[in-house]
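My numbering numbers the first residue of the sequence shown as 17 and each following residue consecutively.
From the three backbone atoms N, C-alpha and C, an ideal C-beta is built for every residue, glycine too.
Beneath this line is the structure, given in structure tokens, with notes to follow.
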Amino acid sequence: MIQTGIKVKSVIVFIKENLSIIIILPALFGGLWQLFELWSIAPSFIRFFSISQIVPDGLFILFLLIYCSLPFLGAHLVHTAIIKDDKTTFELMTLPIIKNKKVKLKVYGLGFLLLTLCGIILYLYSSFIDDTIIRMDMGLILAIPLIAFSNLFLNNCYNTTSPESKYNYKLGNFLLLILYCAIAIYAFKRVHKIRLPRNIANIEYITAVTQKKYPDSKNEILYFNDKFIFFKITDKHKIDKETDELTEKIEILKLDDLFIK
17 MIQTGIKVKS VIVFIKENLS IIIILPALFG GLWQLFELWS IAPSFIRFFS
67 ISQIVPDGLF ILFLLIYCSL PFLGAHLVHT AIIKDDKTTF ELMTLPIIKN
117 KKVKLKVYGL GFLLLTLCGI ILYLYSSFID DTIIRMDMGL ILAIPLIAFS
167 NLFLNNCYNT TSPESKYNYK LGNFLLLILY CAIAIYAFKR VHKIRLPRNI
217 ANIEYITAVT QKKYPDSKNE ILYFNDKFIF FKITDKHKID KETDELTEKI
267 EILKLDDLFI K
């Protein structure tokens with residue numbers, strides 16, 4: 017039997033002892049997210065910070081963090097089942113201990129191949145979907161557990177290989193780190209787009225109104241909270257003399273305008 021390092025009773029005790037901190041977390045995440053969004057437009061826009069938007073934003077970010085952490089938790093459980101030699105029990109599941117190093121590598125290799133096969137099947141399935149964004153999201157969902165499992169596989173190879181070959185596995189982990197960063201950047205951009213539903217007719221209306229007001233400009237919603245919508249207006253013809261780029265302005269509308277037709 018193995019101990020995964022997580023006990024149900026320990027989790028319950030931890031939640032009880034840190035309940036006040038756990039309750040504050042959504043507000044903290046929401047506040048930081050809103051600050052970052054407003055700061056990315058311009059530091060002066062922080063004055064439009066909305067207190068009532070903190071909890072909704074925080075719950076959204078907390079959900080995404082939990083969602084992205086599940087593959088790593090699963091990889092950790094598998095890793096513990098294969099690597100550790102403690103003869104203890106886990107309250108929710110029992111897993112056999114694999115002590116033979118060659119068998120461990122085979123298990124990791126088989127897991128990697130299975131994930132790769134799932135990726136190929138998912139790619140073939142997604143090729144029938146017209147929406148490019150959905151296809152990319154499906155790839156991102158698979159990429160997280162695939163990279164996590166690859167990292168464990170490389171670490172185990174590193175611990176069992178000869179000293180002369182260890183450098184290659186260090187290089188592999190470094191490349192995975194770069195891939196982690198790339199996925200994090202992509203995920204942030206996707207979250208930025210996900211927060212704005214694409215199937216709401218009101219958004220099309222408010223965009224059309226703004227486009228009519230600025231006919232020679234390209235309009236884009238940068239951010240919105242429960243009070244304001246921030247549009248970036250890019251003039252297609254006018255060049256800013258200071259930056260030598262197309263002139264950009266920010267149009268701020270009240271959220272109530274979204275429901276006026």
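Euclidean distance between Cα positions of residue i and residue j
| i | j | result |
| --- | --- | --- |
| Gly74 | Ser68 | 11 angstroms |
| Phe275 | Ala217 | 10 angstroms |
| Leu41 | Trp55 | 21 angstroms |
| Pro231 | Gly47 | 35 angstroms |
| Gln50 | Ile237 | 15 angstroms |
| Ile268 | Ile199 | 31 angstroms |
| Ile249 | Lys270 | 16 angstroms |
| Tyr221 | Leu193 | 43 angstroms |
| Thr223 | Ile266 | 14 angstroms |
| Tyr239 | Pro59 | 14 angstroms |
| Ile255 | Ile201 | 30 angstroms |
| Glu33 | Ile82 | 20 angstroms |
| Asn235 | Phe45 | 29 angstroms |
| Gln227 | Leu187 | 50 angstroms |
| Pro179 | Tyr196 | 26 angstroms |
| Val225 | Phe76 | 29 angstroms |
| Val29 | Asp251 | 58 angstroms |
Pick from the options that is closest to residue i, judged by C-alpha positions
| i | options | result |
| --- | --- | --- |
| His253 | Asp272, Pro72, Thr263, Ile245 | Thr263 |
| Ile62 | Phe190, Gln227, Asn34, Asn241 | Asn241 |
| Asp272 | Asn235, Lys228, Ile219, Leu35 | Ile219 |
| Ile39 | Val29, Val71, Phe65, Ile57 | Val71 |
| Phe79 | Ser60, Pro59, Ala43 | Ala43 |
| Lys243 | Ile201, Phe65, Leu191 | Phe65 |
| Phe247 | Lys186, Lys32, Ile57, Val29 | Ile57 |
Cβ neighbour criterion (16 or more within 10 Å) applied to residue i
| i | result |
| --- | --- |
| Tyr183 | exposed |
| Glu53 | buried |
| Ser233 | buried |
| Ile245 | buried |
| Ser36 | exposed |
| Thr110 | Residue placement at Thr110 cannot be trusted, given a pLDDT of 41 that sits under 50; the coordinates are not used to answer. |
| Lys229 | exposed |
Strand pairing of residue i, partner residues [DSSP]
| i | result |
| --- | --- |
| Lys234 | Thr250 |
| Ile245 | Phe240, Leu269 |
Residue i: CB within 6 angstroms of a non-hydrogen atom of the ligand GDP
| i | result |
| --- | --- |
| Tyr221 | This structure does not include the ligand GDP; it has no bound ligands of any sort. |
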